[in-house]
Amino acid sequence: MNQDNNAHCLYLAIDDTDDIGTKGTGEIAEEIAALIQEQGLGRASMVTRHQLFVHESIPYTSHNSAMCFRIYSAEPNPEAIRALAIEHLLAESAPASDPGLALLNETDRCDWSALVAYGLNAKKRVLTKAMAYQLAEELGVQLSEHGGTGDGVIGALAAIGLRMTGSDGRYKGRLKLPAAEGLWPVRDIIEQTTASAVVDLTGYRLALDEQVYLSGKIKAVLLNHQQTLLVAKGEDGQWRNAGRQELKEY
Amino acid sequence: MSEFSIGAGLCPDEEDAFVLQGERWIFRYPATDLIASRKAAQACNGFVADDEDEWLDDTELSCVNCARRRWLRDGFMCLFRSAD
Ligand code: SF4
């Protein structure tokens, strides 16, 4: 799954760093990704947001989601990456939050199915810190807590498993268009944005010569290991980018 | 056609959009009723915008975009009102 020839791939995820009215966990993840690049520790991917189980016995701020990104490096330095992430988490997490950090080096093993299963479970049921630490130890994932109850380790570990599925989560931020909104051929969307595919809500993959009306906040999801623009047909039969409500399920 | 509504207007002006269940104030309409969600937020002085990536409504002032709403398996409750 490495994107670069000879590059190692690491996954970094964080959870439970925010409180009502404070900087969001996604923003903190983007800042860590930028710092990693600035310090020459690797090339960071875009951040994805993964929805976890919503249940009354799970404490969370306003949404129960965790953030993950990948880091590509020919000579990875996990200790330096981890130290940088911890420093930033300690500086930026909300005082009342329960931050957790997970860091995984994909090249450490080739079977991550237990981690994927854990991530999928975290979308359906209540998991515990003990379960997270036990699995992390078994798989050699570096998992640590940095304040409060440290419950964020549960979601941080899950976010890596979910990102590994290749079909979970939304990309943080918006898809940047090089030109004004309007009618776009799929071919141009793929060539001129970071999206690699255009797919409708049923999974139909649009052909390169089909057209999509792009407007408003254009978001992408992680589907089939690709950054994907989701579309739906309007009442007039025209494809358009999916709205916030349609994206809620991703 | 989206399952979400911006035209149904299920929320009459005089009716509280939240109903008290035990100690929790639960939004009484489907979370898909954006008209009701906006009206409820307009009538509230506790709105705090959530991270924009978590919004469900393009209009900011809407309960479904508020950091004080807490998603339940079915719909959402308001932490601000429940704390009163
Ligand atoms: S969810 Fe937010 S805007 Fe809506 S009633 Fe509660 S505090 Fe007010």
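Heads up: the protein sequence lines correspond to chains A and B, in order. Heads up, the first sequence stops at 1709 in this note's numbering, and the numbers go up one at a time, no gaps. Heads up, the second sequence stops at 823 in this note's numbering, and the numbers go up one at a time, no gaps. Here a beta-carbon is modelled for each residue, glycine too, at the ideal position from N, C-alpha and C. Given the structure is predicted, the values throughout are model-derived calculations rather than measurements.
{"Item": "Residues of the region 1467 to 1483 of chain A with Cβ closer than 7 Å to any Cβ of chain B, in chain order", "Value": "1479, 1480 and 1483"}
{"Item": "CB contact check: residue 1521(A) to chain B, cutoff 8 Å", "Value": "yes"}
{"Item": "Proximity below 8 Å, CB of residue 1617(A) to CB of residue 1503(A)", "Value": "no"}
{"Item": "Proximity test, residue 780(B) beta-carbon vs ligand 1 heavy atom, cut-off 7 Å", "Value": "yes"}
{"Item": "Counterpart residues of residue 1603(A) in DSSP-defined beta bridges", "Value": "1560(A)"}
{"Item": "Strand pairing of residue 1530(A), partner residues [DSSP]", "Value": "1469(A) and 1503(A)"}
{"Item": "Pairwise C-alpha distance: residue 1472(A) and residue 1496(A)", "Value": "16 Å"}
{"Item": "Any alpha helix (DSSP H) of 4 or more consecutive residues that is wholly inside the region 1623 to 1659 of chain A", "Value": "1645 to 1651"}
{"Item": "Closer than 8 Å to chain A by CB, residue 690(B)", "Value": "One cannot answer for residue 690(B) here, as it falls past the ends of chain B, which runs 740 to 823."}
{"Item": "Any non-hydrogen atom of ligand 2 within 7 Å of residue 1512(A) CB", "Value": "Absence of ligand 2 is noted for the structure shown, with ligand 1 being the only ligands found."}
{"Item": "Cβ-heavy atom distance, residue 1528(A) to ligand 1, below 7 Å", "Value": "no"}
{"Item": "Same chain, Cβ closer than 8 Å to residue 1537(A), five either side skipped, listed in chain order", "Value": "1469, 1562, 1564 and 1601"}
{"Item": "Span of the alpha helix (DSSP H) around residue 819(B)", "Value": "818 to 821"}
{"Item": "When 1511(A), 1477(A) and 1494(A) are compared against residue 1709(A), the one with the closest alpha-carbon", "Value": "1511(A)"}
{"Item": "As assigned by DSSP and simplified to three states, the class of residue 1521(A)", "Value": "coil"}
{"Item": "Partners in chain A for residue 796(B), counting only beta-carbon separations shorter than 9 Å", "Value": "1703 and 1704"}
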